[in-house]
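Notes to accompany the following structure.
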Amino acid sequence: MGSLLRTLFISTVLITSACKNVSDQTDYEYLDSWDVQAITLQNRISQNAPLRVAEFPATHNSFNAKDYSNGISYPDPNHIPSMLNQLRMGKRMINMDLHWDVHYNKSTKLITTDVVLCHDSSDFGFCSLWDRTFDEGLLEIKPWLEENDEVVILKLQDELDGHYAEALTKIEALIGDLVYTPSTPCETFDLEIAKQDILALGKKIIITGATSSTCNLPWGRYVFFDEGMFGSVDYESFEPYPVCNDAIDDIQRKIYKSNNDGTAVSQIILGSKIMTAGEVSNLAQCGVTGISFEPMEWWDERHRAQIWSWDLDLPADDTAKNCALQQANGRFADVSCNGLHAYACQHPTNRDWRITNTRGTWSAGAHACSNEYGSDGYAFSTPANGYENAELKRSVITAQNNNPTIWMNYSDSMQEGNWIAH
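Positions 1374 to 1795 (the numbering used here) are the ones given, in order, by the sequence shown.
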């Protein structure tokens, strides 16, 4: 504490410099790129699928970004873009480390205590007086949540030293109406629920991070006890499809993550290796849906590497092409709904595929799947993640129907550009 109190004597010039507002470092050209458009569409494919198989591209230590660095705070960032831009770029799972620590209040010009976002839990991390507060983090992402029909997971790392009431007050006041909350304290999260079910309740965000000792507190009214909700794999030793570390059953039962530490300290001192585009692609093809590669940057080839759905520069802005099929290369293409193809039928529980013998136009897909496989529970469907897409491609090859293109239950016929999958 003595070293912290000595910061009271830091010069006014330094204080002014450190507390300046975050400038807009947005690369708007990249936000308009095919990469971002494809990732955004890909995230929405799983809107009606169980959360256990849904896409949640992630960032770890999301708050520790270069956009917030000021010479004192966040000197060794995990990422370049701000949390807002991480969401804009397609990330749907973000992480905040909550610390109860001293903080310089820019409004009152006083040093006080607050819930701050800092990287102090590692061997080399520390909090500074000018780190951003939890309020600032929530206020930054709130407008995006309000404007977009997307479900985001907010993972909280608890370094609050018992100050849950202070953090809870901020959640309730700033985003409380957007939070999908536990129905009972300490309940196991139901991973069979779909994003669309949550959106139908008017909710946009799932908060996780409660423990067995905190989920019974008022904290547990908003923060889920996430035991059994997540899994993780090591990207360096991961065996690609179709082996997938012989863990595909578990990967399809939980939200699986993989991340590397992109800080300079981790790379130089600890010898951490950067996740490559090839490793990202391998993870995605095995249904690892919470991939976090660091440092996250603009125009990073790893963004494109996580795309398993749409083929390059598709879908086209063409009102005559409103239905999607899987091509021979496994990628999606938008075409006229009047072509003749077989149909992709999927079991909603075990998520495997059957291909119809019948060929027809897209509109006959539901009937064709029901007629051939409905008694076994199969329905006209679309892959929700990279593993399901790879398995669909393999099923088409196995079916040997001499037509490698297959209809999926994916269309924007109701509204151009609004692609809806079932």
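For every residue, glycine included, the Cβ atom is placed at its ideal position computed from N, Cα and C.
- In the three-state scheme derived from DSSP, where H, G and I count as helix and E and B as strand, Cys1742 is classed as helix.
- Nearest in C-alpha terms to Gly1790, of all of Gly1644, Leu1590, Pro1688, is Pro1688.
- Taking Thr1692 as the centre and dropping the five residues before and after it, the same chain places the C-beta of Glu1789 closer than 8 angstroms to its C-beta, in chain order.
- At a Cβ-Cβ threshold of 8 angstroms, Ser1501 and Ile1453 do not count as neighbours.
- Of the residues assessed, Ser1654 falls on the buried side of the cut-off, its CB having 16 or more other CB atoms within 10 angstroms.
- The way I'd put it, the stretch 1468-1483 does touch the stretch 1528-1537; three or more beta-carbon pairs between them come closer than 8 angstroms.
- Taking the C-beta atoms as reference points, Lys1568 is found no nearer than 8 angstroms to Leu1551.
- A straight line joining the alpha-carbon of Ile1641 with that of Gly1635 spans about 10 angstroms.
- Here Ile1770 is exposed, its C-beta having fewer than 16 other C-beta atoms within 10 Å.
- In this structure, the beta-carbon distance from Leu1713 to Thr1734 falls below 8 angstroms.
- In the three-state reduction of the DSSP assignment, Arg1465 falls in the coil class.
- Under the rule that a run must span 4 or more residues, the alpha helix (DSSP H) segments found entirely inside the stretch 1386-1451 read 1401-1404, 1407-1418.
- Note on Pro1516: under 16 other CB atoms within 10 angstroms of its CB, so exposed under the neighbour-count rule.
- Of His1720, Gln1773, Asn1711, Asn1695, the smallest CA-CA separation from Asp1785 is found for Asn1695.
- Per the C-alpha coordinates, the member of Pro1555, Ile1566, Cys1588 positioned closest to Arg1626 is Ile1566.
- Assignment of beta-bridge partners to Val1475 by DSSP yields Thr1486.
- The closest CA to that of Val1475, considering only Asp1504, Gln1459, Glu1745, Thr1587, is found on Asp1504.
- Residue pairing by DSSP places Met1781 in no beta bridge whatsoever.
- In this structure the stretch 1416-1423 does not touch the stretch 1589-1609; the number of beta carbon pairs closer than 8 angstroms is below three.
- Assignment of His1720 by DSSP, reduced to helix, strand and coil, places it in the coil class.
- Fully contained in the stretch 1596-1671 are the following alpha helix (DSSP H) runs of length 4 or more, in chain order: 1621-1624, 1637-1641, 1650-1658.
- Collapsing the DSSP output to three states places Trp1735 in a helix.
- Arg1465 is not a Cβ neighbour of Glu1519, given a cutoff of 8 angstroms.
- Annotated three-state conformation of Phe1507 is helix, per DSSP.
- A distance below 8 angstroms separates the beta carbons of Ile1779 and Ala1717.
- Taking each of Thr1722, Glu1523, Leu1511 in turn and checking the Cα distance to Ala1540, the smallest one comes out for Leu1511.
- In this structure, Ile1680 places its C-beta atom within 8 angstroms of the C-beta atom of Gln1415.
- If you look at Lys1766, you'll find it in the alpha helix (DSSP H) that goes 1759-1772.
- Annotated as distal: Asn1776 and Thr1755, with beta-carbon spacing of 8 angstroms or more.
- With 16 or more other Cβ atoms from the protein chains shown falling within 10 Å of its own Cβ, Leu1424 counts as buried.
- Cβ-Cβ distances below 7 angstroms link Asp1449 to Thr1636, Ala1637, Val1638 in the same chain, with the five nearest sequence neighbours on each side left out; the list follows chain order.
- Under the DSSP definition of a beta bridge, Lys1694 lacks any partner.
- Your pair Ile1484 and Val1525 does not check out as a contact, with CB atoms roughly 32 angstroms apart and the cut at 8 angstroms.
- Excluding five sequence positions before and after Phe1705, the CB atoms of its chain that fall closer than 8 angstroms to its own CB belong to Ser1682, Trp1683, Asp1684, Leu1687, Pro1688, Ala1697, Leu1698, Gln1699, Met1781, Tyr1783, given in chain order.
- Gln1459 counts as buried, since no fewer than 16 other beta carbons sit within 10 angstroms of its beta carbon.
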